[in-house]
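Residue numbers (full-length UniProt numbering), protein chains in the order written: chain A, 1 to 141; chain B, 1 to 141; chain C, 1 to 141; chain D, 1 to 141.
The beta carbon of each residue, even a glycine, is placed where N, CA and C say it ideally should be.
Protein chains: 4
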Amino acid sequence: MTISLNKARTIIRKTLAKGREMDFKPLSVVVLDAGGHLQAFEREDGASPGRFGIAHGKAHGAIMLGIPSSAQMARAEAQAYFINAVNGVFDGKLVPVPGGILLRDKRGDVIGAVGVTGDTSENDVIAGVAGIEAAGLIAQA
Amino acid sequence: MTISLNKARTIIRKTLAKGREMDFKPLSVVVLDAGGHLQAFEREDGASPGRFGIAHGKAHGAIMLGIPSSAQMARAEAQAYFINAVNGVFDGKLVPVPGGILLRDKRGDVIGAVGVTGDTSENDVIAGVAGIEAAGLIAQA
Amino acid sequence: MTISLNKARTIIRKTLAKGREMDFKPLSVVVLDAGGHLQAFEREDGASPGRFGIAHGKAHGAIMLGIPSSAQMARAEAQAYFINAVNGVFDGKLVPVPGGILLRDKRGDVIGAVGVTGDTSENDVIAGVAGIEAAGLIAQA
Amino acid sequence: MTISLNKARTIIRKTLAKGREMDFKPLSVVVLDAGGHLQAFEREDGASPGRFGIAHGKAHGAIMLGIPSSAQMARAEAQAYFINAVNGVFDGKLVPVPGGILLRDKRGDVIGAVGVTGDTSENDVIAGVAGIEAAGLIAQA
């Protein structure tokens with residue numbers, strides 16, 4: 001199973017709504033399917049031009065390795081050369097800071113990933129988790 | 001000036017609605033800003049995984065060269081080696097068949113581009129132009 | 001749903017067995033999952049070193065575009081510049097000659113793709129289809 | 001001399017069997033020939049999509065440098081910039097943590113390499129060495 005466009009839309013809208021509610025900086029939100037392919041993306045007005053690449057890299061690394069980007073950050077703190085090398089394997093499409101969140105269904109299967117960027121990494125996670133839960137899915141952040 | 005997220009959403013929704021109305025195959029729609037950076041994207045359920053790359057290449061080539069992808073196709077028919085070379089210049093991010101549409105405001109300025117893929121190139125254009133006009137913008141397809 | 005390793009193994013073994021039965025040249029066979037990611041691969045002794053890239057490109061292009069590589073060949077015959085451009089989009093990972101075969105389950109959903117290379121493209125297809133059917137799956141070649 | 005497909009299959013099967021016996025997470029195993037080219041690969045159900053790249057990078061770096069990936073990790077601990085640079089030389093296809101194991105024949109010649117990923121690097125090595133020894137070859141891990 002993989003994420004539907006309808007669920008992806010809900011995640012993005014609710015993530016952005018949480019950002020507005022919390023007065024975060026303009027956010028960008030990507031939703032990838034279980035194979036790491038782009039399902040939907042939105043970048044708020046005022047966000048810088050390169051935000052797709054950052055949001056995508058957080059989510060793409062999560063799908064490829066099967067762990068959220070926060071766990072990649074922990075690994076990068078311990079073994080920077082490992083994460084550098086994996087970044088090379090995935091052609092730069094991996095950003096090891098919080099905000100790349102795995103989407104799981106009720107059976108625990110990974111059905112996609114969400115990447116959020118724009119405010120601090122911690123705030124990116126708060127917004128993304130709110131969006132995912134609003135869509136009735138389980139977030140592994 | 002550049003396209004707003006709000007306008008981008010309208011374009012995508014109306015493009016997809018046109019596709020459903022015409023019974024096209026599942027569509028994917030990208031909206032880029034005036035600098036060629038991703039503003040929004042949606043891929044309908046049932047579309048193949050690589051559709052972001054195709055939609056993006058149509059719109060990205062349009063922004064980079066300042067002409068719609070249909071005009072690139074005409075050039076490719078006459079001088080395939082030129083378009084092949086330009087594809088190399090832009091690192092593969094150019095797809096010279098119809099469906100990459102320039103967005104212009106009422107003064108005629110380019111404020112972004114839309115890329116549509118999923119059905120025939122001609123039908124991709126029909127859906128995209130309908131979406132752009134529904135958003136009150138001028139399409140150069 | 002996506003292809004299981006067990007099914008992938010069966011496809012590879014039966015494809016290679018068909019090649020031996022027909023006295024084809026040494027074959028290489030790749031099985032990708034529904035997201036285009038490598039599930040299994042085998043290269044027979046005597047096959048040239050670069051055969052993974054060819055087998056992979058046939059199957060990867062099929063997954064990304066949602067059509068078998070034979071249909072890409074037809075498009076390349078009509079519009080070489082289009083297939084050249086798409087090859088750029090997918091970073092070279094697309095080989096538009098027969099032998100990239102979509103795997104469908106009984107409902108018609110794409111659950112992966114098989115790429116075969118080593119003999120003529122037509123013979124590559126014969127072997128691959130035999131392997132897929134031996135695994136109880138539907139081949140779109 | 002280089003590894004045969006038959007030996008490569010045995011290595012993969014026995015590596016995966018060891019992983020099941022030890023209750024490791026789902027493993028992915030690549031076998032490269034003496035020239036660093038893919039001979040065979042299998043990814044167990046439940047492994048994340050990007051596991052081929054990781055397994056491949058471990059084995060590819062081992063072949064290219066002629067030392068197991070554990071020795072590359074030691075070098076990375078001492079001189080991260082060197083391993084980062086070598087990663088660039090090999091276009092990202094080098095992962096300097098344990099699990100990239102050189103295959104040697106009885107005369108000591110390198111005839112290929114095995115890359116294992118999925119559990120901890122240490123456990124990846126345990127499974128890979130078991131697989132190689134079951135095939136009657138000598139592992140340099």
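**OP:** Entirely within the region 27-100 of chain B and at least 3 residues each: give me those beta strand (DSSP E) ranges in chain order.
**Re:** 28-33, 38-43
Original post:
Which of helix, strand or coil does DSSP assign to C/THR120?
Top reply: coil
Original post:
Does the beta-carbon of C/GLU42 have 16 or more other beta-carbons within 10 angstroms, so that it is buried, or is it exposed?
Top reply: buried
Subject >> Bounding residues of the beta strand (DSSP E) (the contiguous stretch that carries C/ILE138) >> reply: 138-140
Subject >> chain C within 8 angstroms of B/ALA80, Cβ atoms only >> reply: yes
Subject >> Cβ-Cβ separation, B/THR15 to B/VAL116 (assumed contact under 8 angstroms), whole Å >> reply: 6 angstroms
Subject >> Within-8 angstroms CB hit, C/HIS37 to chain A >> reply: yes
Original post:
Going along the chain, which residues of the region 109-136 of chain A sit with their C-beta nearer than 9 angstroms to a C-beta in chain B?
Top reply: none
Original post:
What residues from chain C crowd round A/GLY34, counting only those whose CB sits closer than 7 angstroms?
Top reply: Correcting the residue identity first, residue 34 of chain A is Ala in this sequence and not Gly. Within chain C, the residues near A/ALA34 are GLY35.
**OP:** Show which residues of chain A have a CB atom less than 9 angstroms away from the CB atom of B/SER4.
**Re:** ASP45
Subject >> Segment limits, alpha helix (DSSP H) that includes D/ALA17 >> reply: 5-21
**OP:** Step through the CB atoms of chain A and report whether any lies within less than 8 angstroms of the CB of B/PRO98.
**Re:** no
Original post:
Under 8 angstroms Cβ-Cβ, which residues of chain C neighbour D/PHE90?
Top reply: Residues of chain C passing the Cβ test: none, with the nearest at roughly 16 angstroms.
Subject >> D/ALA135, DSSP secondary structure in three states >> reply: coil
Original post:
Three-state secondary structure (DSSP) at C/GLY108?
Top reply: coil
**OP:** Determine the direct distance from the alpha carbon of C/ARG75 to that of D/ASP33, and round the result to whole angstroms.
**Re:** 36 angstroms
Original post:
From this set, D/GLU122, D/ALA134, D/GLU133, D/GLY136, which residue's C-alpha is nearest D/LYS25's C-alpha?
Top reply: D/GLU122
Subject >> Same chain only: Cβ atoms within 6 angstroms of C/LYS18, ignoring 5 sequence neighbours per side >> reply: ALA127, ALA130
Original post:
Taking contact to mean at least 3 C-beta pairs separated by less than 8 angstroms, is the region 89-106 of chain D in contact with the region 60-75 of chain C?
Top reply: no
Subject >> Interface residues of chain C facing D/PHE24 [CB-CB closer than 8 angstroms] >> reply: Chain C residues near D/PHE24: none, gap ~15 angstroms exceeds 8 angstroms.
**OP:** Please confirm whether B/VAL95 and B/LYS58 have their CB atoms less than 8 angstroms apart.
**Re:** yes
Original post:
CB-CB under 8 angstroms to B/GLY118, same chain, minus the five flanking residues each way: which ones, in chain order?
Top reply: GLY19, PHE24, LYS25, PRO26, LEU27, SER28, GLU44, ALA47, ARG51, ASP124
Subject >> Euclidean distance between Cα positions of C/MET64 and C/THR10 >> reply: 24 angstroms
**OP:** Taking only the alpha-carbon atoms, compute the straight-line gap between D/HIS37 and C/PRO49 and give it to the nearest angstrom.
**Re:** 6 angstroms
Original post:
List, in order along the chain, the chain B residues whose C-beta lies closer than 8 angstroms to that of C/ILE83?
Top reply: The premise fails here: C/ILE83 is roughly 10 angstroms from chain B at the closest Cβ pair, so nothing lies under 8 angstroms.
Subject >> D/GLN79, buried or exposed, once every other Cβ within 10 Å from all chains shown has been counted against 16 >> reply: exposed
Subject >> Status (buried if at least 16 other CB within 10 Å, exposed otherwise) for A/ASN6 >> reply: exposed
Original post:
Quick one: is B/LEU85 buried, meaning 16 or more other Cβ sit within 10 Å of its Cβ, or exposed?
Top reply: As written in the sequence, residue 85 of chain B is Ala, which differs from the Leu given in the question. Looking at its Cβ environment, which holds fewer than 16 other Cβ atoms inside 10 Å, B/ALA85 is exposed.
Original post:
In its own chain, which residues sit with a C-beta less than 7 angstroms from the C-beta of residue 144 of chain B, not counting the 5 before and 5 after it?
Top reply: Residue coverage of chain B in this structure runs from 1 to 141, which leaves residue 144 of chain B outside it and unanswerable.
**OP:** Report yes if the C-beta distance between C/LEU137 and C/ARG104 is below 8 angstroms; otherwise report no.
**Re:** yes
Original post:
In chain D, which residues lie with their C-beta within 7 angstroms of the C-beta of A/LEU65?
Top reply: SER48, GLY50
Subject >> Inter-residue Cα distance where the pair is C/GLY99 and C/GLN39 >> reply: 17 angstroms
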